[in-house]
Each structure stands twice: as C-alpha cells, then as structure tokens.
Amino acid sequence: MTAADKVLRLAEENNGTVTTSMVTAAGFSRSVLKYLCDTGKLERSGRGVYILPEVWDDEMYILQTRYKRGVFSHDTALFLWGLTDRTPNRYCMTFPAAYNITSAKKDNIRFSQSVESLYELGLTEIRTPAQNTVKVYNRERTLCDILRKGSRTDIQIITQAFKEYVKLPEKNIALLSEYSERLKVSEKVRSYLEVLI
Numbered sequence: 002m003t004a005a006d007k008v009l010r011l012a013e014e015n016n017g018t019v020t021t022s023m024v025t026a027a028g029f030s031r032s033v034l035k036y037l038c039d040t041g042k043l044e045r046s047g048r049g050v051y052i053l054p055e056v057w058d059d060e061m062y063i064l065q066t067r068y069k070r071g072v073f074s075h076d077t078a079l080f081l082w083g084l085t086d087r088t089p090n091r092y093c094m095t096f097p098a099a100y101n102i103t104s105a106k107k108d109n110i111r112f113s114q115s116v117e118s119l120y121e122l123g124l125t126e127i128r129t130p131a132q133n134t135v136k137v138y139n140r141e142r143t144l145c146d147i148l149r150k151g152s153r154t155d156i157q158i159i160t161q162a163f164k165e166y167v168k169l170p171e172k173n174i175a176l177l178s179e180y181s182e183r184l185k186v187s188e189k190v191r192s193y194l195e196v197l198i
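So in this note's numbering, the last spot in the sequence shown is 198, and the numbers never skip.
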C-alpha cells in the first residue's frame with residue numbers, strides 16, 4: 002500500500018476529511034497531499050484541511066481546525082445541541098481573552114472572548130451534522146451565555162432554547178444554577194425556569 006493510499010484511508014476513517022497535521026503525525030510528507038489534490042483524489046477544503054471529492058464541506062470542522070482555541074458557543078451551540086431549529090447564518094465561537102481574533106473577524110465569525118478562568122467552564126465536544134467532532138460549550142453554559150450582556154441572541158431563540166431544555170431528560174438544573182451564579186445571570190435564568198417548570 003502506497004503512502005497516498007494510506008492517506009486516503011486516513012481520510013475515509015475520518016468522515017472523508019484529513020488535515021495536514023494528521024498526515025504529518027502519521028509520518029507522511031505533505032507532498033502526498035499535493036499529489037492527491039493534483040490527481041483529483043482529494044480536494045483542498047480550507048487551509049490545512051482536505052476532503053474526499055464525494056464529501057460535502059463541513060464548515061464547522063474546518064473552522065475548528067483553523068481556530069484550535071475556538072469553542073462553538075451561543076446560537077451555534079444551541080443548534081448543535083438541538084435547542085433551536087434555526088441554522089446559524091454566521092458561526093459563533095468563543096476564544097480566550099488574550100487570543101488574536103483578527104483572522105476570525107475576516108472569516109465572518111461572530112466571536113466572544115472569555116477570561117481564562119471561565120474559558121473552560123462547560124467545555125465539551127459534540128459531533129457536527131457531518132459527524133466530525135468539534136469543541137462546544139455544554140447546554141448549561143450555552144443557556145447562560147445567551148443571557149449575558151452583549152450576546153445579541155434573539156429573545157425568541159432564547160425562549161425556545163429554554164423550552165427545549167426543560168423537556169430534556171438529561172437536563173441538569175443544579176449545574177445550570179451553578180453556572181448562572183459564576184456567569185452572573187442567575188436572576189435571568191431563574192425567571193425563565195420559574196415560568197417553564
């Protein structure tokens with residue numbers, strides 16, 4: 002089996018996507034990617050991201066690959082958790098406060114920045130609709146984030162998200178309360194829960 006075949010297999014095992022870092026970590030030269038693109042066996046999807054020709058681009062995965070410290074948040078996290086039926090027209094990501102977000106602005110990302118002590122609060126992973134794994138804040142952190150000052154989340158989306166959340170068997174009201182205290186939105190969270198529970 003050639004190096005090119007092994008890289009193609011790596012892409013197949015990763016939902017049709019392979020990154021430059023995956024290829025170099027597996028011990029192959031970057032020139033294999035160029036060869037596979039030149040022969041039409043791979044397509045360049047974004048910087049350092051390649052896909053099989055029959056695979057649709059997964060924008061969320063590409064953004065996650067490009068912005069490793071970015072975490073999907075706000076409206077995008079609501080969508081990933083199924084707490085809204087609105088597909089985001091701009092992806093929302095949260096970065097550490099010291100992170101240089103210049104290129105994120107160019108990529109039309111709606112971004113927030115978080116102090117280091119809160120950046121990892123509720124950080125987890127989820128699969129995108131294309132079945133690639135990305136970083137996202139959990140449901141409880143997301144519900145608090147959309148209530149924070151400057152979140153720009155539509156009131157209808159907030160209401161729908163809380164309605165969907167309270168229906169979930171895996172909801173964690175105690176964790177939601179804890180996060181709401183740390184993120185200073187406890188009164189807002191309480192007002193939504195009092196109406197819905």
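Every residue, glycine too, gets a C-beta built ideally from N, C-alpha and C.
Since we're looking at a predicted model, the values are computed, not measured.
Stretch-stretch touch, CB-based, cutoff 8 Å, three pairs: the segment 55-69 with the segment 129-139: yes
Is DSSP giving Phe-73 helix, strand or coil here? strand
Whether Gly-151 touches Tyr-138 by CB criterion (8 Å): no
Determine the contact status of Leu-177 and Val-190, defining contact as a CB-CB distance below 8 Å. yes
Exposure label - Val-24; buried when at least 16 CB within 10 Å: buried
Can you list, in chain order, the residues of its chain whose CB lies under 7 Å from that of Thr-154, leaving out five sequence neighbours each side? His-75, Asp-76, Ile-147
For Leu-197, which residues from the same chain have a beta carbon less than 7 Å from its beta carbon, with the 5 sequence-adjacent residues on both sides left out? Phe-163, Lys-164, Val-167
Since Val-19 and Tyr-51 are thought to touch, with beta carbons under 8 Å apart, how far apart are those beta carbons, to the nearest angstrom? 5 Å
For the putative contact between Leu-64 and Ile-110, defined by C-beta atoms under 8 Å, what is the C-beta separation to the nearest angstrom? 7 Å
Between which two residues does the beta strand (DSSP E) harbouring Arg-91 extend? Taken as a continuous stretch (DSSP letters only), Arg-91 belongs to no beta strand (DSSP E), as it is neither H nor E.
At which residues does the alpha helix (DSSP H) containing Gln-157 begin and terminate? 156-168
What are the partner residues of Pro-54, as DSSP defines its beta bridges? Note: Pro-54 sits in no beta bridge, so no partner.
In angstroms with no decimal places, state the Cα-to-Cα distance between Glu-13 and Leu-53. 8 Å
To which residues does DSSP link Tyr-97 through a beta bridge? Note that residue 97 is Pro in the sequence shown here, rather than Tyr. Paired residue(s): Ser-115.
Name the DSSP bridge partner or partners of Tyr-138? Leu-124
According to DSSP, simplified to helix, strand and coil, what is Glu-171? coil
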